[in-house]
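Here is the structure we will look at, set down as structure tokens.
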Amino acid sequence: FRTTDVTGSIELPAGTEMVMPGDNVQMTATLIAPIAMDEGLRFAIREGGRTVGAGVVAKILE
Numbered sequence: 185f186r187t188t189d190v191t192g193s194i195e196l197p198a199g200t201e202m203v204m205p206g207d208n209v210q211m212t213a214t215l216i217a218p219i220a221m222d223e224g225l226r227f228a229i230r231e232g233g234r235t236v237g238a239g240v241v242a243k244i245l246e
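Structure below.
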């Protein structure tokens, strides 16, 4: 298993202010450090020690 913690920021689509449980959304994540990842990789978004989202890498931009 591969696990790591890295700080980053999330950019939601224009006009999207909040995402509620059960919603699906495409977003762009910018990480402060490079990490190894591939398309299809599952990830979790955590804030304050709590999981607030989960997803799958659809496309790597850089």
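Following this note's numbering, the numbering of the sequence shown begins with 185 at its first residue and continues without gaps. Where a beta carbon is used, it is the ideal one built from N, C-alpha and C, also for glycine.
Taking the beta strand (DSSP E) that Arg234 falls in, what are its first and last residues? Arg234 to Val240
For Arg256, which three-state DSSP category applies? Lying outside 185 to 246, the shown extent of the chain, residue 256 is not represented and no answer is given.
Would you give the residue range spanned by the beta strand (DSSP E) that Gly192 belongs to? Gly192 to Glu195
Run of the beta strand (DSSP E) containing Leu215, from where it starts to where it stops: Its beta strand (DSSP E) spans residues Thr212 to Leu215.
For the putative contact between Pro218 and Gln210, defined by C-beta atoms under 8 Å, what is the C-beta separation to the nearest angstrom? 22 Å between Cβ atoms; not a contact.
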